[in-house]
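Under our numbering, the first residue of the sequence shown carries the number 1, and numbering increases by one thereafter.
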Amino acid sequence: GAPTRRPVEVSPPTPDRMRADGPYLVGREIKTGTYASPGGPRCYWARLRDTSGEMAAIIAASYHRGRQVATIRKTDRAFLTDGCGQWVMLP
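Printed below as a string of structure tokens:
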């Protein structure tokens with residue numbers, strides 16, 4: 001008989017930008033690195049150790065207006081952004 005082909009598992013791409021508000025899983029939906037955003041009048045972001053929604057999950061957070069810079073590390077589980085505009089990885 002013909003050999004059976006097993007599907008090759010391909011991990012999803014890890015983008016170097018976040019275009020919309022929301023949580024992004026580190027290593028799956030977003031790469032580690034330093035990012036910048038134009039910010040906004042009510043820009044909030046947080047580096048998270050898990051996605052539980054608990055205060056204890058927050059590693060670091062910022063709530064400011066104007067340009068933002070954040071470094072996402074391998075040890076972070078997720079990055080949450082709200083009202084900051086598009087984040088782009090810095091070279």
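From the three backbone atoms N, C-alpha and C, an ideal C-beta is built for every residue, glycine too. Since this is a predicted model, take the numbers as computed values, not measurements.
C-beta atoms of residue i and residue j nearer than 9 Å
{"i": "G83", "j": "R42", "result": "yes"}
{"i": "G39", "j": "G66", "result": "yes"}
Beta-carbon proximity list for residue i, same chain, < 6 Å, skipping 5 on both sides
{"i": "R49", "result": "A57, I59 and R77"}
{"i": "S37", "result": "Q68, C84, G85 and W87"}
Cβ-based burial, residue i [other Cβ within 10 Å; buried from 16]
{"i": "L80", "result": "buried"}
{"i": "Y35", "result": "buried"}
{"i": "A46", "result": "buried"}
{"i": "A20", "result": "exposed"}
{"i": "A61", "result": "exposed"}
For residue i, the three-state DSSP class (helix, strand or coil)
{"i": "A57", "result": "helix"}
{"i": "Q86", "result": "coil"}
{"i": "S37", "result": "strand"}
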